[in-house]
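Undergrad:
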Amino acid sequence: AFRTEPDGAGFKMVGEHVAHHGTMTTGINFGADGALYLADWGNNGWAPHEKGRIMKLDAPGAEAHPLRQQTRKLLADGFAKRDVAELTQLLAHADQRVRLEAQFELAKRNETDALLGVAKKNDSQLARIHAIWGLGQLGRKSQSTVLPLKPLLADSDPEIQAQILRVATDAYHEGFADDALRLLTSSNPRVQLFAGMALGKIGSKKHVPAVAQ
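Position one of the sequence shown corresponds to residue 302 (the working numbering), numbered consecutively onward.
#1: Where does Ala-302 land, buried or exposed, given buried means 16+ other C-beta within 10 angstroms?
#2: Under DSSP, the beta strand (DSSP E) around Pro-367 begins and ends at which residues?
#3: Leaving out five residues on either side along the sequence, give the residues of the same chain with a beta carbon under 7 Å from the beta carbon of Asp-456.
#4: Name, in chain order, the residues that DSSP records as bridge partners for Ile-355.
#5: Please tell me whether Leu-436 and Leu-454 are closer than 8 Å, where the distance is taken between their beta carbons.
#6: Less than 8 Å between C-beta atoms, sequence neighbours within five positions excluded: which residues of the same chain meet that for Asn-330?
#7: Sort Ala-478, Leu-427, Glu-460, Lys-382 by Cα distance to Pro-490 and report the nearest one.
#8: Restricting to runs no shorter than 4 residues, where is the alpha helix (DSSP H) found entirely within the region 391-475?
#9: Using a Cβ cut-off of 8 Å (strictly closer), state whether Phe-303 contacts chain C.
#10: Here's the rule: buried if 16 or more other CB atoms are within 10 angstroms of the residue's CB, otherwise exposed. What is Leu-388?
#11: Which residues in the same chain have their Cβ closer than 8 Å to the Cβ of Ala-520, if we skip the five residues on either side of it in sequence?
#12: Is the distance from the Cβ of Gly-335 to the Cβ of Arg-304 below 8 Å?
#13: Please go through the same chain and pick out, in chain order, the residues whose beta-carbon is closer than 6 Å to the beta-carbon of Glu-412, but skip the five residues on each side of it.
#14: Output needed for Ile-503: all residues of its chain with C-beta closer than 8 Å, excluding positions within five of it in sequence on either side, in chain order.
#15: From which residue to which residue does the alpha helix (DSSP H) around Asp-480 run?
#16: Taking Gly-353 and Asp-341 to be in contact with their CB atoms under 8 Å, please state how far apart those CB atoms are, rounded to whole angstroms.
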């Protein structure tokens, strides 16, 4: 197990430690209840023996945590019947799965105004990022959907700049190329990274000298 911390244009592992060992685990995933589930081949090596099992790894008493119980209920109930106001609030939820489901549902409904509103202003950086990603999903169908994000390339948060470059690139929106060129000299290495990747997909011959430089 480990955490990550920003390191240049990427991340580094910190606090690495062994959380569990001694089993021949072939699959691992978090359940809706927040526990970690492991598909274990069983003992006796890899020979077929029909002794596979599912193991559950958790901290004692952690299942009672209110946030874990809330997450489990949210995922079980689904998101299709939730209104737009609730879905936009859930873009800031502590659990990434909840945030993604809210993002997918808003994108499915073509709620561009709601997504753009969160992208422009929200106390949660993660909510803003998921809103940007949601517009990016729609931008793959219609490039014009990501165009309103362009002013946010001047946002004070470099991660917002980086993610807008990302979705504009996925939408192959050439209108962002000159902005990517400008951000190639950003003081933030992640913005530089996404600007370079953007130019690789949506840039033109006129951008080559600056990229080479």
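Glycine residues also receive a C-beta, built at the ideal position from the N, C-alpha and C atoms.
TA: Short version:
#1: Start at 1 with the first residue of the sequence shown, and residue 302 comes out as number 1. With fewer than 16 Cβ atoms within 10 Å of its Cβ, Ala-302 is classed as exposed.
#2: For this step, residue 367 is matched to residue 66 along the sequence shown. First-last for Pro-367: 367-378, but that is the alpha helix (DSSP H), not the beta strand (DSSP E).
#3: For this step, residue 456 is matched to residue 155 along the sequence shown. A distance below 7 Å between beta-carbons, with the five flanking residues on each side excluded, links Asp-456 to the following residues of its chain, in chain order: Gln-462.
#4: Numbered from 1 along the sequence shown, position 54 holds the residue referred to as residue 355. Bridge partners of Ile-355: Ala-340.
#5: As a first step, residue 436 must be located in the sequence shown, where it is residue number 135. As a first step, residue 454 must be located in the sequence shown, where it is residue number 153. It is not a contact, given that the beta carbons lie outside the stated cut-off.
#6: Along the sequence shown, one-based indexing puts residue 330 at 29. Only residues of its own chain outside the window of five on either side were considered, and among them Leu-337, Tyr-338 have a CB closer than 8 Å to the CB of Asn-330, listed in chain order.
#7: Locating residue 490 in the sequence shown gives position 189, where the first residue counts as 1. Ranking Ala-478, Leu-427, Glu-460, Lys-382 by Cα distance to Pro-490 puts Glu-460 first.
#8: Counting whole runs of 4 or more residues, the region 391-475 contains the alpha helix (DSSP H) stretches 397-409, 413-421, 426-440, 459-471.
#9: The displayed structure is made up of one protein chain only, and chain C is not part of it.
#10: Residue 388 sits at position 87 when you count from the first residue of the sequence shown. Of the residues assessed, Leu-388 falls on the buried side of the cut-off, its CB having 16 or more other CB atoms within 10 angstroms.
#11: Any answer about residue 520 is impossible in this case: the structure gives the chain only from 302 up to 514.
#12: On the sequence shown, residue 335 is found 34 positions in, with the first residue counted as 1. On the sequence shown, residue 304 is found 3 positions in, with the first residue counted as 1. Gly-335 places its beta carbon 8 Å or farther from that of Arg-304.
#13: Taking the sequence shown and counting its residues from 1, the one referred to as residue 412 is at position 111. So the qualifying residues of the chain are Val-385.
#14: For the purposes of this step, residue 503 is taken as the residue at position 202 of the sequence shown. Once the five neighbours on either side are set aside, the close Cβ partners of Ile-503 are Ala-469, Thr-470, Tyr-473, His-474, Glu-475, Phe-477, Ala-478, Ala-481.
#15: Your numbering for residue 480 matches position 179 in the sequence shown. Counting along the chain, Asp-480 sits inside the alpha helix (DSSP H) bounded by residues 478-484.
#16: On the sequence shown, residue 353 is found 52 positions in, with the first residue counted as 1. On the sequence shown, residue 341 is found 40 positions in, with the first residue counted as 1. About 7 Å separates the beta carbons of Gly-353 and Asp-341, which is inside the 8 Å limit, making them a contact pair.
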